[in-house]
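Visitor: Below you'll find the structure I mean.
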Amino acid sequence: AQTVTQSQPEMSVQEAETVTLSCTYDTSESNYYLFWYKQPPSRQMILVIRQEAYKQQNATENRFSVNFQKAAKSFSLKISDSQLGDTAMYFCAFMIAGTASKLTFGTGTRLQVTL
Amino acid sequence: KAGVTQTPRYLIKTRGQQVTLSCSPISGHRSVSWYQQTPGQGLQFLFEYFSETQRNKGNFPGRFSGRQFSNSRSEMNVSTLELGDSALYLCASRSAGETQYFGPGTRLLVL
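Chains R and V are the protein sequences, given in the same order. Residue 21 is where the first sequence starts when you use my numbering, and the numbers rise one by one after that. Residue 247 is where the second sequence starts when you use my numbering, and the numbers rise one by one after that.
So, in structure tokens, the structure goes:
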């Protein structure tokens, strides 16, 4: 079974600063995907970024980037130039590649961006 | 393209009743997955439907069931509601790719 661990229940960062959220996972699979989703107070789950395990290059999406360390089974999210709108719960998720697959989520990190 | 829609957004039921939640996927998406989110258990996978067939199921009792229609819309049903079924129920759709796009959720309160 796959597990996803987010060891930081809460984090705080000042506006315009950079913050890194941690995620580790455990799997015996070799072909999989990793995701970061954001859930603001509205509870809508929004995709932030995704990473294919077979790609060595770290994914980036504007101010969001990941540090994917496959051997260490680590997948951290870096948010640069933090904005008040980044305040949300952030979930790391894992999915085995294939047609009939599911997302396995971590417990989430609550990020507060302050002035 | 319109996003994933879920109805109703909020629901209050009493123990023993049953409930049906609806999810309309993004146009062209044939896969619909359901997740339950609670403070205690976090986000848990319920089931996935593709082309009207359930092809994956999570570890939930038989009181939780679902179906998918030919237009890819999906419903999930919970019978004999228990207090512990109070949760946010999230629906997600995807096309041939691996990325799941979520709807706004249905918040169910069981009294």
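For each residue, glycine too, the CB sits at the ideal point set by N, CA and C.
Tell me V:K256's beta-bridge partners as DSSP assigns them.
Guide: In the second sequence, counting from the first residue as 1, residue 256 of chain V sits at position 10. According to the sequence shown, residue 256 of chain V is Tyr rather than Lys. Answer is V:R353, bridged to V:Y256.
Visitor: Just confirm the distance between the C-beta atoms of R:S103 and R:F88, as a whole number of angstroms; I'd bet it's less than 8 Å.
Guide: Stepping through the first sequence from its first residue, residue 103 of chain R is reached at position 83. Stepping through the first sequence from its first residue, residue 88 of chain R is reached at position 68. A quick correction: the sequence has Gln, not Ser, at residue 103 of chain R. 24 Å between Cβ atoms; not a contact.
Visitor: Quick check on the DSSP output: the beta strand (DSSP E) that includes R:I69 runs from which residue to which?
Guide: Taking the first sequence and counting its residues from 1, one reaches residue 69 of chain R at position 49. Where R:I69 is concerned, the enclosing beta strand (DSSP E) stretches over I66 to E72.
Visitor: Rounded to the nearest angstrom, what separates R:E37 and V:R313 at their Cα positions?
Guide: Counting from 1 along the first sequence, the entry for residue 37 of chain R is found at position 17. Counting from 1 along the second sequence, the entry for residue 313 of chain V is found at position 67. A straight-line Cα-Cα distance of about 46 Å links R:E37 and V:R313.
Visitor: Just to confirm the assignment, what range does the beta strand (DSSP E) spanning R:E30 have?
Guide: On the first sequence, position 10 is the one that residue 30 of chain R refers to. That run of the beta strand (DSSP E) goes E30 to Q34.
Visitor: Of the residues that make up the stretch 24-53 of chain R, which ones have a beta carbon closer than 7 Å to any beta carbon in chain V?
Guide: Y53
Visitor: Taking the alpha-carbon positions, what's the V:T251 to V:Y281 distance?
Guide: The residue given as residue 251 of chain V occupies position 5 in the second sequence. The residue given as residue 281 of chain V occupies position 35 in the second sequence. Straight-line Cα distance between these residues: approximately 14 Å.
Visitor: Could you give the DSSP three-state label for V:G286: helix, strand or coil?
Guide: Residue mapping note: residue 286 of chain V aligns to position 40 of the second sequence, counting from 1. Coil.
Visitor: For V:Q263, collect the residues of the same chain with a Cβ closer than 7 Å to its Cβ; drop the 5 residues on either side in sequence, then sort them by chain order.
Guide: Walking along the second sequence from the start, residue 263 of chain V turns up at place 17. Here the set comprises L327.
Visitor: Look at the Cβ atom of R:F114, then the Cβ atom of R:Y52, and state whether they are nearer than 8 Å.
Guide: Sequence index remark: in the first sequence, residue 114 of chain R carries index 94 (1-based). Sequence index remark: in the first sequence, residue 52 of chain R carries index 32 (1-based). Cβ distance < 8 Å, so R:F114 and R:Y52 count as in contact.
Visitor: Could you round the C-beta distance between R:P29 and R:T129 to whole angstroms and report it? I think they count as a contact, below 8 Å.
Guide: As a working mapping, residue 29 of chain R is identified with position 9 in the first sequence. As a working mapping, residue 129 of chain R is identified with position 109 in the first sequence. Correct: roughly 7 Å between the Cβ atoms.
Visitor: With burial defined as no fewer than 16 other Cβ atoms inside 10 Å of the residue's Cβ, what is the status of V:L355: buried or exposed?
Guide: In the second sequence, counting from the first residue as 1, residue 355 of chain V sits at position 109. Classification of V:L355: exposed, given that the 10 Å Cβ count is below 16.
Visitor: If you follow the beta strand (DSSP E) that R:A117 is part of, which residue opens it and which one closes it?
Guide: Taking the first residue of the first sequence as position 1, residue 117 of chain R is located at position 97. Where R:A117 is concerned, there is no enclosing beta strand (DSSP E), given that its DSSP letter is neither H nor E.
Visitor: How many angstroms separate the CA atom of R:L97 from the CA atom of R:I69?
Guide: Residue mapping note: residue 97 of chain R aligns to position 77 of the first sequence, counting from 1. Residue mapping note: residue 69 of chain R aligns to position 49 of the first sequence, counting from 1. Approximately 9 Å between the Cα atoms of the pair.
Visitor: Give me the residue from V:R261, V:Y295 and V:G351 with the minimum Cα distance to V:R309.
Guide: As a working mapping, residue 309 of chain V is identified with position 63 in the second sequence. Each of V:R261, V:Y295 and V:G351 was checked against the Cα of V:R309, and the nearest Cα belongs to V:R261.
Visitor: Which residues share a DSSP beta bridge with R:K122?
Guide: Reading the first sequence from its first residue, position 102 is the one you call residue 122 of chain R. Answer is none; R:K122 lacks a bridge partner.
Visitor: Mind checking if V:F291 is an interface residue toward chain R, Cβ cutoff 8 Å exclusive?
Guide: Within the second sequence, numbered from 1, the residue matching residue 291 of chain V stands at position 45. So, interface residue.
Visitor: Could you tell me if V:L329 is buried or exposed, where buried requires 16 or more neighbouring beta carbons within 10 angstroms of its beta carbon?
Guide: Taking the first residue of the second sequence as 1, we reach residue 329 of chain V at position 83. Around the C-beta of V:L329, fewer than 16 other C-beta atoms lie within 10 Å, and the residue is accordingly described as exposed.
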